[in-house]
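Following: one structure in structure tokens, then a few remarks.
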């Protein structure tokens with residue numbers, strides 16, 4: 158899923174609210190008990206403390222605009238943003254093309270493909286166990302999305318008609334391809350025996366929830382109508398909170414530094430711990446890896462807060478601390494995330510998203526610190542990651558499973574089939590994504606642009622005042 162397609166959800170609302178809080182406008186289930194709950198709370202405190210060590214350095218933030226993201230679509234950006242003016246030391250000015258964001262998205266979608274493809278090859282376990290780490294590619298998407306969304310918030314302050322333009326832009330960019338995904342998986346579900354039955358999944362209520370992007374609150378619809386659709390639901394839910402969270406996080410960072418953002422993220426982890434370890438068990442429910450409770454926004458929102466804090470902190474810095482420290486922190490937190498995956502206990506599933514998100518904040522710092530400007534293969538994959546996310550299940554699950562069955566009947570070693578189908582899945586998904594970008598994404602984005610342009614021209618000609 159190309160999360161830059163969703164990166165500025167409700168950013169225009171922020172502009173409409175006047176950028177409140179800114180100082181200046183121009184510038185598997187396991188048994189649980191009380192000990193488990195207390196351990197989770199203590200671990201969340203340790204997580205907050207760890208986030209503070211090496212991360213927290215108060216910095217002066219003058220509210221100045223960073224250089225405009227050249228990949229943000231046809232937006233009306235303030236003249237100052239267009240000029241590429243940045244914070245005093247020009248750190249983000251060097252990131253004008255944001256190649257590092259494409260790199261992160263490319264890595265994220267490759268991780269997601271890796272884990273889903275490996276699920277077909279149960280015969281190779283435990284060889285494929287390390288691939289399970291790939292599920293955290295979704296949290297990498299979330300961090301990159303929050304980072305770019307904060308950048309968009311500062312760029313779009315002076316956009317005319319921000320709210321209505323925003324809704325038009327979002328509908329024409331996000332919905333068409335997602336609706337194609339609904340139709341695609343309905344057809345696959347009807348033809349292949351590897352998927353749930355059509356009657357139990359594609360009910361009127363489930364489909365409607367996905368059409369309205371509220372499926373993250375519907376247990377039967379959150380991840381079944383469109384495979385992997387839970388992450389889009391989580392993003393949409395976060396965007397509803399963004400108009401409040403952006404100015405709050407900015408003000409907290411301006412006054413108290415990154416320690417305030419880390420504390421806020423830890424607070425949401427603690428709330429999730431109370432809800433998932435003390436509340437839902439009373440109703441016979443339990444959080445487990447990738448189930449409904451794990452995928453809910455409450456369990457994921459800390460990841461977005463980490464991404465927002467990363468943006469604020471790196472506006473005028475090249476690294477969080479320095480390259481070596483950031484790289485070591487990424488490795489250490491990745492190992493800790495892997496341990497939580499292996500633990501596969503409710504308390505671990507509460508701590509996993511935020512811990513992974515923090516590790517990817519350090520990864521973002523490391524990748525960005527290279528100052529790369531070349532568009533390579535990973536970056537090109539990242540540019541098509543939304544379409545690749547929607548379509549990769551067709552190749553990673555359906556076709557790879559069929560190939561494995563045929564290859565096994567001919568005595569071909571599963572290990573050979575694994576690597577062959579993995580390469581095929583990545584290549585075929587990328588080619589389909591390139592086509593869908595031209596046929597679906599770009600076409601409807603242009604329709605949205607034309608609609609906004611015609612609307613603005615009509616209001617100018619009639620002398621109407623600019624609404625929100």
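Numbering (this note's numbering), first residue to last: 158 to 625.
We put the CB at the ideal spot given by N, CA and C, even for glycine.
As the structure is a prediction and not an experimental result, all values here were calculated from the model.
Open item on the list: Would the segment 473-490 count as touching the segment 501-519 if we require 3 or more Cβ pairs under 8 Å?
Closed with: yes
Task: Assigned secondary structure, residue 283 (DSSP; H/G/I helix, E/B strand, else coil) - done: coil
Open item on the list: Below 8 Å, is the gap between the Cβ of residue 324 and the nearest heavy atom of the ligand FMN?
Closed with: Ligands in the displayed structure: none, and consequently the ligand FMN is not present.
Task: Contact check, residue 134 vs residue 373, beta carbons under 9 Å - done: The requested residue 134 is not part of the displayed model; the chain covers only 158 to 625.
Open item on the list: Please report the distance separating the alpha-carbon of residue 271 from that of residue 553.
Closed with: 8 Å
Task: Through-space distance from residue 512 to residue 522, alpha-carbon basis - done: 16 Å
Open item on the list: Check for me: the alpha helix (DSSP H) holding residue 411 runs from which residue to which?
Closed with: 387-413
Open item on the list: Taking its Cβ as the centre, do 16 or more other Cβ atoms sit within 10 Å of residue 143, making it buried, or is it exposed?
Closed with: The requested residue 143 does not occur in the structure, where the chain is confined to residues 158 to 625.
- [ ] Note the first and the last residue of the continuous alpha helix (DSSP H) segment covering residue 593.
- [x] 571-593
TODO: Return helix, strand or coil for residue 513, following the three-state DSSP convention.
DONE: helix
TODO: With a 10 Å radius around its C-beta and 16 neighbouring C-beta atoms as the bar for buried, classify residue 456 as buried or exposed.
DONE: buried
Open item on the list: Among 360, 278 and 376, whose alpha-carbon lies nearest the alpha-carbon of residue 565?
Closed with: 278
TODO: Could you tell me if residue 599 is buried or exposed, where buried requires 16 or more neighbouring beta carbons within 10 angstroms of its beta carbon?
DONE: exposed
- [ ] Just mark residue 306 as buried or exposed, buried being the case when its beta carbon has 16 or more other beta carbons within 10 Å.
- [x] buried
TODO: Pick helix, strand or coil for residue 465, following the three-state DSSP scheme.
DONE: helix
Open item on the list: Can you confirm whether residue 447, when its beta carbon is compared against all beta carbons of chain C, has any partner nearer than 9 Å?
Closed with: Within the model displayed, chain C is absent; a lone protein chain is all it includes.
Task: Sequence-distant residues of the same chain with beta carbon closer than 7 Å to residue 281, five excluded per side - done: 571, 572 and 575
Task: Where residue 223 sits in the DSSP three-state scheme - done: Unreliable positioning characterises residue 223 in this predicted model, as indicated by a pLDDT of 31, which lies under 50. The coordinate reading is nonetheless provided below. The answer is coil: DSSP assigns residue 223 none of H, G, I, E or B.
Open item on the list: As a quick exercise: from 540, 482 and 405, pick the residue whose alpha carbon is nearest that of residue 258.
Closed with: 540
- [ ] Could you tell me whether the Cβ atoms of residue 297 and residue 264 are closer together than 9 Å?
- [x] yes
TODO: State the Cα-Cα distance for the pair residue 384 and residue 367, rounded to the nearest angstrom.
DONE: 11 Å
Task: Cα-Cα separation, residue 460 to residue 510 - done: 6 Å
- [ ] Look at the alpha carbon of residue 105 and the alpha carbon of residue 375, and state the distance between them as a whole number of angstroms.
- [x] No answer is possible for residue 105: the residues shown for the chain start at 158 and end at 625.
TODO: Please check the pair residue 557 and residue 274, which I expect to be a contact at CB under 8 Å, by giving their CB distance rounded to whole angstroms.
DONE: 6 Å
Open item on the list: Assuming residue 295 and residue 269 are in contact, meaning their beta carbons sit under 8 Å apart, how far apart are those beta carbons, in whole angstroms?
Closed with: 7 Å
Task: Burial state of residue 291 (16 or more Cβ within 10 Å) - done: buried
Open item on the list: Using a Cβ-Cβ cutoff of less than 7 Å, which residues in the same chain neighbour residue 425 once the five nearest sequence positions on both sides are dropped?
Closed with: 458, 459 and 462
Task: Exposure of residue 393, with buried meaning 16 or more beta-carbon neighbours within 10 Å - done: buried
Open item on the list: Restricting to Cα atoms, I'd like to know which of 590, 537, 331 and 346 is closest to residue 369.
Closed with: 331
Task: Nearest-angstrom Cα separation, counted from residue 400 out to residue 468 - done: 16 Å
Open item on the list: Please classify residue 162 as buried or exposed, where buried requires at least 16 other C-beta atoms within 10 Å of its C-beta.
Closed with: With a pLDDT of 39 at residue 162, under the threshold of 50, the modelled position of that residue is not reliable, and no figure is offered here.
Open item on the list: Given this structure, state the Cα-to-Cα distance separating residue 606 from residue 325, to the nearest angstrom.
Closed with: 8 Å
Open item on the list: On the criterion of 16 or more Cβ atoms from any shown chain inside 10 Å, does residue 603 qualify as buried, or is it exposed?
Closed with: exposed
Open item on the list: In this structure, how does DSSP classify residue 470 when only helix, strand and coil are distinguished?
Closed with: helix
Open item on the list: Here's a check: name, in chain order, each residue in its chain whose Cβ is nearer than 7 Å to the Cβ of residue 590, leaving out the five neighbours to either side.
Closed with: 541, 544, 545 and 548
Task: Same chain only: Cβ atoms within 6 Å of residue 609, ignoring 5 sequence neighbours per side - done: 322 and 325
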